[in-house]
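Below is one structure; the comments refer to it alone.
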Amino acid sequence: MKAIFVHLTGSRRGNTEVFSIDTISIGTDAEASLHFDPEIDRSTSKYHAKIRLQECDYVLEDQGSVKGTLVNNRLVSKIILKDGDLIEFGDGGQGAFSYQVG
1 MKAIFVHLTG SRRGNTEVFS IDTISIGTDA EASLHFDPEI DRSTSKYHAK
51 IRLQECDYVL EDQGSVKGTL VNNRLVSKII LKDGDLIEFG DGGQGAFSYQ
101 VG
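Here it is as structure tokens:
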């Protein structure tokens, strides 16, 4: 499966990223798979969240971020993602999540 993240706001607005890996690290750390600019996306933590492929589901888990992670405007710590979910890291860096089988 491929995970797709479309940046709707923040420093990467308008960009689409496609991932074919089992774990997507998210944050301002330079090594993050889904990287946010620490100068622009200030509410996104260095190690903000991770998305892991577990069985046939993508599971998002907040990594103790300062400003939290929202899915469809709801604060979450861990959640199974659905195609089309809106994810927000802190109070910025919002994007749409989807996936493709195959």
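Residues in the sequence shown are numbered consecutively from 1, following the UniProt record's numbering. The beta-carbon is built from N, C-alpha and C at its ideal position, and this holds for glycine as well.
Cβ distance (whole Å) where residue i is taken to contact residue j below 8 Å
i, j, result
"residue 33", "residue 48", "12 Å between Cβ atoms; not a contact."
"residue 79", "residue 53", "Not quite, the Cβ-Cβ distance comes to about 14 Å (not below 8 Å), so this is no contact."
Exposed unless 16 or more other CB atoms sit within 10 angstroms - verdict on residue i
i, result
"residue 45", "buried"
"residue 14", "exposed"
"residue 21", "exposed"
Test: residue i CB closer than 9 Å to a CB of chain B
i, result
"residue 36", "Of the chains in the structure shown, none is chain B; there is only one protein chain."
Residues near residue i in its chain [Cβ-Cβ closer than 7 Å; skip 5 each side]
i, result
"residue 99", "1, 2, 3, 4, 58, 83"
Chain-order list of residues whose beta-carbon lies under 6 Å from that of residue i (same chain, five-residue window excluded)
i, result
"residue 94", "8, 9, 88"
"residue 6", "16, 95, 96"
"residue 77", "62"
Unbroken stretches of the alpha helix (DSSP H), 4 residues or longer, contained in the region 25–97: Within the region 25–97, there are no complete alpha helix (DSSP H) runs of at least 4 residues.
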